[in-house]
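Worksheet: the structure to be examined is printed underneath.
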Amino acid sequence: MDWTAMAAPWLRIEADTDAAHAPVRHELMARANLKKGQRVLDIGPGAGITLLDAARAVGPDGQVTGIEVAPPFADRARERTPRNVDVIVADAQDHAFEPATFDAAISLFGVMFFRDSVAAFANIRRAMKPGAPLHFACWGPPERNPYFTMPGRVAAGVFGPGAAFDPTGPGPMRFGDVEKLHAILSDAGWSAEIETLDMVLAPPGSPEHVASIQMTIGAASMRIGQAKDAGTLTDSQRDAVKAGMVEGFAEMVEDGAVRVPGNFHFVRAVA
0 MDWTAMAAPW LRIEADTDAA HAPVRHELMA RANLKKGQRV LDIGPGAGIT LLDAARAVGP
60 DGQVTGIEVA PPFADRARER TPRNVDVIVA DAQDHAFEPA TFDAAISLFG VMFFRDSVAA
120 FANIRRAMKP GAPLHFACWG PPERNPYFTM PGRVAAGVFG PGAAFDPTGP GPMRFGDVEK
180 LHAILSDAGW SAEIETLDMV LAPPGSPEHV ASIQMTIGAA SMRIGQAKDA GTLTDSQRDA
240 VKAGMVEGFA EMVEDGAVRV PGNFHFVRAV A
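Quick note: the sequence shown, position 221, residue 220 per numbering that gives the first Met the number 0, numbers continuous.
Here you go:
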């Protein structure tokens with residue numbers, strides 16, 4: 000994957016995605032319950048919002064290390080984080096961590112893209128002190144997450160069916176199956192507990208604005224990009240995709256704001 004190209008559109012809508020994911024992030028940080036003075040690993044922190052949370056939690060005597068595979072994300076994270084945060088550009092699957100270094104680890108939607116999940120979680124485990132916890136949040140099944148599936152259905156209605164979804168390959172919906180996730184963590188040497196919650200995402204702005212977010216990232220954006228690369232994209236197709244998503248998000252408005260139902264796994268795994 001070209002991580003530099005992947006990061007560019009996400010950085011353009013950084014504030015929007017930070018706001019949309021905030022309910023899940025707050026739940027994750029509450030569960031992680033980081034302590035003053037701890038050394039914490041943040042896996043795949045993206046542009047760095049969870050690094051800020053962790054830095055506040057551990058205080059000036061603590062230390063937070065973010066490991067991020069996309070250089071533009073790492074650059075942005077360094078810009079916005081304090082002195083007790085270090086961001087390294089590397090793949091957590093095979094990075095040579097110093098063994099038994101961290102008191103805790105966290106990840107918000109950052110562990111679903113490894114080439115080999117078992118190898119990656121085993122490598123992360125070696126970096127943890129004995130008994131140290133890893134807390135992460137990931138997406139539940141696709142059918143429970145219309146933030147992904149509704150734009151995908153709209154795009155399929157315009158462009159026709161897309162490539163078949165691979166539920167086991169790298170991607171945001173990789174760990175929707177709880178039993179498979181348990182097996183991966185067990186095979187990597189972790190003792191894990193998983194709780195699944197229905198929550199509501201809070202993307203900012205009108206249905207039109209939320210549709211614009213999905214024109215930048217996600218399934219609809221991907222299909223538009225594929226048509227553009229093939230030289231077949233028309234203005235009417237682009238307009239139809241956006242209009243369909245505006246209609247879809249308008250159906251999710253509550254008390255004047257778009258609120259998208261979602262389903263999320265919260266994992267606590269012990270090294």
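Glycine is no exception: its CB is placed at the ideal position from the N, C-alpha and C atoms.
Nearest-angstrom Cα separation, counted from residue j out to residue i
i, j, result
"Gly45", "Asn144", "21 angstroms"
"Lys179", "Met149", "25 angstroms"
"Arg258", "Glu97", "42 angstroms"
"Met0", "Pro22", "29 angstroms"
"Leu51", "Arg77", "10 angstroms"
"Ala229", "Phe164", "21 angstroms"
"Gly170", "Arg114", "10 angstroms"
"Asp186", "Ala73", "30 angstroms"
"Ala268", "Ile183", "11 angstroms"
"His264", "Ile212", "24 angstroms"
"Ala4", "Ala99", "34 angstroms"
"Thr167", "Glu13", "27 angstroms"
"Ile42", "Ala126", "12 angstroms"
Beta-carbon gap between residue i and residue j smaller than 8 angstroms
i, j, result
"Pro206", "Ala249", "yes"
"Asn32", "Ala54", "no"
"Ala91", "Ile123", "yes"
"Ala218", "Val240", "no"
"Pro71", "Leu10", "yes"
"Ala104", "Leu27", "no"
"Pro260", "Asp176", "no"
Residues bridged to residue i [DSSP beta-bridge criterion]
i, result
"His134", "Ile105, Arg267"
"Ala99", "Per DSSP, none; premise fails for Ala99."
"Val84", "Val63"
"Leu184", "Beta-bridge pairing links Leu184 to no other residue."
"Asn122", "Asn122 pairs with nothing; no bridge assigned."
When the options are compared against residue i, the one with the closest alpha-carbon
i, options, result
"Ala136", "Thr195, Pro129, Gln213, Ala218", "Thr195"
"Trp138", "Arg79, Leu200, Pro129", "Leu200"
Taking contact to mean at least 3 C-beta pairs separated by less than 8 angstroms, is the stretch 61 to 72 in contact with the stretch 27 to 47?
yes
Please confirm if the stretch 113 to 124 is in contact with the stretch 146 to 162, defined as three or more CB-CB distances below 8 angstroms between the two stretches.
no
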